[in-house]
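A.B. asks:
Numbering (the numbering used here), first residue to last: 16 to 275.
1) Report buried or exposed for residue 171, applying the criterion of at least 16 other Cβ atoms within 10 angstroms of its Cβ.
2) Is it true that the CB of residue 204 sits closer than 7 Å to the CB of residue 178?
3) Can you tell me whether residue 92 is helix, strand or coil according to DSSP?
4) Would DSSP call residue 265 helix, strand or coil?
5) Output yes or no for whether 7 Å exceeds the beta carbon distance between residue 66 and residue 116.
6) Under 8 Å by Cβ, that's how I've got residue 35 and residue 58 pegged, so tell me the actual separation to the nearest angstrom.
7) Suppose contacts are defined by Cβ-Cβ distances below 7 Å. Is residue 128 in contact with residue 141 by that definition?
8) Across the stretch 193-203 and the stretch 105-124, are there enough close Cβ pairs to call them in contact, namely three or more that are closer than 8 Å?
9) Is the beta carbon of residue 194 sitting closer than 7 Å to the one on residue 230?
10) Going by DSSP, what residue range makes up the beta strand (DSSP E) through residue 159?
11) Using three-state DSSP, classify residue 212 as helix, strand or coil.
12) Does any residue of chain B bring its CB to less than 7 Å from the CB of residue 260?
13) Could you check the C-alpha separation between residue 86 and residue 79 for me, to the nearest Å?
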């Protein structure tokens, strides 16, 4: 049973991040290049600083891991995992296909996850043992679509560039078997799985702050999220992920990804 205070704090933290991010959306931003060449903006940093300060004040014994400022108290029983703007390229180019990700791990297991789109005001909240909640002024109802075969599946992936050559060959087998693939979306695509609009997302090289918040959202809607071998994601995982709305779809994807 998750302490309701944790859920309340995650939602309040997302509200706080939104007040920082919204004024900067579609504005002139100073962009730098990180070592991995992904863009960083003051919105990323300012939002993460605010999130870390807020959660540390609320839960001083909890750990925090974030994309911009690393890990504090990483051996704590509870670890908050933060990505203030997942989909920075979308943010920089004025597309509302990014989101704030706030996850909570309990002894390494994802137990709480929140996807917040601060511009469209959409929010997904997943809590272990509970059904995923979704709030949006644009409509949409939680309910993953029955889809037991890739031949009728809507597949999504952020970019083909995320795959090294060996992984691309494996992903391409999934892509060719799917009914259709849609590129782009970052965390937003994962949010479409619980709404029954996307059936599967397959990606490579994600970091914990990219996936920790997504697992409870996907699984709280009846789906599954694993690594490419069908195993539970952990902080030691390579970051190659599968998310499906219908668990019956998982064996076919795992089988294709296992082919060399």
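Where is the CB? At the ideal position from N, CA and C, for every residue including glycine.
C.D. replies: Quick look at the numbers:
1) buried
2) no
3) coil
4) helix
5) no
6) 7 Å
7) yes
8) yes
9) no
10) Unbroken run through residue 159: none, as it is neither H nor E.
11) coil
12) Chain labels in this structure do not include chain B; a single protein chain is all it has.
13) 6 Å
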